[in-house]
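> Numbering (this note's numbering), first residue to last: 31 to 301. The structure follows.
This is how it looks when you write it as structure tokens:
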């Protein structure tokens, strides 16, 4: 059964990657015209939240700093949200409070606090340098895994709203679906809510599986971020042929730790 399905776009970066034991970072970015060069970024493989010790040390080193006005980062959680409201500055001031121990050694550091309420998953740090001409360049990017210290509990689906039948017409037929999804690790720990369709008469899976549902105020969703995920399924009119019969739709949610929720199975008759 053909159904409307959105395909997310992707923003593609091309990086020049340097490999070596001493460089604990993923990529260098746009340094061809700069007099300064990145020589190292402190390795951050994974971070686990511990009460009273939630700071992650971020450090980058340059070959020289006479041309630098400032160095800063942006930190993004696994759900894509930016954690720092303003640019998070790295400092070469020799102060242990921000993780820097030798002033003027071209190494810039600072400690960023992580919350137990942040979602688990892969985080991104983007490093920027501003020179004396006020030109800002992204100079490195780094990923690390974050564990918020809470036991990862699978999400739960409930309150499915779906019709038991739908009639094909000379114009397209719209089917509204919604389901509640909650996660004890926080709503932003939910990675996706979806359903898979199985086609009569023998229950073959649809080639369009999975059908993603939304909690962002689009695709039939009434309110963004309320924990109710929705989708409008479109059944096309003739001459497109839609198989008639009883379909099985299986609804589930997946969290950022890849745990799956309970499964809600619903049958709908298309006639």
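All residues carry an ideal CB built from backbone N, CA and C; glycine is no exception. On a predicted model such as this, the values are computed, not experimentally measured, just so you know.
Within a Cβ cutoff of 8 Å, which residues of the same chain sit near residue 97, ignoring the five residues on either side of it in sequence?
On the chain shown, residue 97 is found 67 positions in, with the first residue counted as 1. Here the set comprises 64, 65, 66, 161 and 162.
> Any contact of the region 223-233 with the region 166-180, i.e. 3+ C-beta pairs under 8 Å?
Not touching, per the Cβ criterion.
> Between residue 144 and residue 273, what straight-line distance do the alpha-carbon atoms span, to the nearest angstrom?
Sequence index remark: in the chain shown, residue 144 carries index 114 (1-based). Sequence index remark: in the chain shown, residue 273 carries index 243 (1-based). Their Cα atoms are separated by approximately 51 Å.
> Under the DSSP definition of a beta bridge, which residues are partnered with residue 168?
In the chain shown, the residue the question calls residue 168 occupies position 138. Beta-bridge pairing links residue 168 to 158.
> Pull up the distance between the alpha-carbon of residue 86 and that of residue 227, whole angstroms please.
For the purposes of this step, residue 86 is taken as the residue at position 56 of the chain shown. For the purposes of this step, residue 227 is taken as the residue at position 197 of the chain shown. So the two alpha carbons sit approximately 43 Å from each other.
> Which value, in whole angstroms, describes the spacing of the CA atoms of residue 115 and residue 270?
Here residue 115 is taken as the residue at index 85 of the chain shown, counted from 1. Here residue 270 is taken as the residue at index 240 of the chain shown, counted from 1. Approximately 49 Å, taken between the alpha carbons.
> Nearest CA to the CA of residue 124: which residue from 117, 256, 113 and 137?
For the purposes of this step, residue 124 is taken as the residue at position 94 of the chain shown. The residue with the shortest Cα to Cα distance from residue 124 is 137.
> Would a C-beta distance cut-off of 7 Å place residue 251 and residue 260 closer than the cut-off?
Working through the chain shown from its first residue, we reach residue 251 at position 221. Working through the chain shown from its first residue, we reach residue 260 at position 230. Cβ distance < 7 Å, so residue 251 and residue 260 count as in contact.
> What's the call for residue 267, buried or exposed, on a 16-neighbour Cβ count within 10 Å?
The sequence position of residue 267 within the chain shown is 237, counting from 1. It is exposed - the Cβ of residue 267 has fewer than 16 other Cβ atoms within 10 Å.
> Rank 118, 264, 278 and 284 by C-alpha distance to the C-alpha of residue 299 and give the top, closest one.
Within the chain shown, the letter at position 269 stands for residue 299. Here the closest residue by C-alpha is 278.
> Considering only C-alpha positions, which residue in the set 74, 196 and 95 is nearest to residue 133?
As a first step, residue 133 is located in the chain shown; it is residue number 103 there, counting from the start. That would be 95, whose Cα lies nearest to the Cα of residue 133.
> Excluding the 5 residues preceding and the 5 following residue 76 in the sequence, name in chain order all residues of the same chain whose CB lies nearer than 8 Å to its CB.
On the chain shown, position 46 is the one that residue 76 refers to. Contacts found: 174, 175, 176 and 177.
> Give the DSSP bridge partners of residue 143, in chain order.
Counting from one through the chain shown, the residue named residue 143 turns up at place 113. Per DSSP, 85.
> Who are the Cβ neighbours of residue 152 in its own chain at under 7 Å, not counting the five residues just before and after it?
What you label residue 152 is simply residue 122 of the chain shown in a count that begins at 1. Closer than 7 Å at the Cβ level, and outside the excluded window around residue 152, lie 108, 173 and 175.
> By the three-class DSSP mapping on this structure, what secondary structure does residue 177 have?
As a first step, residue 177 must be located in the chain shown, where it is residue number 147. Of the three classes helix, strand and coil, the one that applies to residue 177 here is strand, per DSSP.
> Helix, strand or coil: how does DSSP classify residue 119 here?
One-based indexing of the chain shown puts residue 119 at position 89. Residue 119: strand per DSSP, three-state reduction.
> Please classify residue 99: is it buried, with 16 or more other beta-carbons within 10 angstroms of its beta-carbon, or exposed?
Counting from one through the chain shown, the residue named residue 99 turns up at place 69. Under this definition residue 99 is an exposed residue.
> I'd like the list of long-range same chain contacts for residue 195, defined as Cβ closer than 6 Å, with 5 residues on each side in sequence excluded.
Position 165 of the chain shown, counted from the start, is the residue given in the question as residue 195. Around residue 195: 299.
> In terms of alpha-carbon separation, which member of 119, 82 and 239 lies closest to residue 90?
The residue given as residue 90 occupies position 60 in the chain shown. Nearest option by C-alpha distance: 119.
> Return the CA-CA distance between residue 168 and residue 112, expressed in angstroms with no decimal places.
Taking the first residue of the chain shown as 1, we reach residue 168 at position 138. Taking the first residue of the chain shown as 1, we reach residue 112 at position 82. So the alpha carbons of these two residues sit roughly 16 Å apart.
> Going by DSSP, which residues form a beta bridge with residue 211?
Start at 1 with the first residue of the chain shown, and residue 211 comes out as number 181. 187.
> Using a threshold of 7 Å, state whether the C-beta atoms of residue 190 and residue 262 are closer than that.
To locate residue 190, count along the chain shown from 1; it is residue 160. To locate residue 262, count along the chain shown from 1; it is residue 232. Not a contact, by the Cβ cut-off of 7 Å.
> Note down the Cα distance separating residue 74 from residue 149, rounded to an integer number of angstroms.
Indexing the chain shown from 1 puts residue 74 at position 44. Indexing the chain shown from 1 puts residue 149 at position 119. Going from the Cα of residue 74 to the Cα of residue 149 covers about 17 Å.
> Could you check the C-alpha separation between residue 245 and residue 258 for me, to the nearest Å?
Start at 1 with the first residue of the chain shown, and residue 245 comes out as number 215. Start at 1 with the first residue of the chain shown, and residue 258 comes out as number 228. About 6 Å.
> Quick one: what's residue 297 bridged to in DSSP?
Within the chain shown, numbered from 1, the residue matching residue 297 stands at position 267. DSSP output for residue 297 lists 278 as bridge partner(s).
> Can you look up residue 234 in the DSSP assignment and give me helix, strand or coil?
Taking the first residue of the chain shown as 1, we reach residue 234 at position 204. Of the three classes helix, strand and coil, the one that applies to residue 234 here is strand, per DSSP.
> Within this structure, are the beta carbons of residue 206 and residue 281 separated by less than 7 Å?
Residue mapping note: residue 206 aligns to position 176 of the chain shown, counting from 1. Residue mapping note: residue 281 aligns to position 251 of the chain shown, counting from 1. Their beta carbons are not under 7 Å apart, which means residue 206 does not touch residue 281 by this criterion.
> Is it true that the CB of residue 284 sits closer than 7 Å to the CB of residue 221?
For the purposes of this step, residue 221 is identified with residue 191 of the chain shown, where counting begins at 1. For the purposes of this step, residue 284 is identified with residue 254 of the chain shown, where counting begins at 1. Contact flag set, yes.
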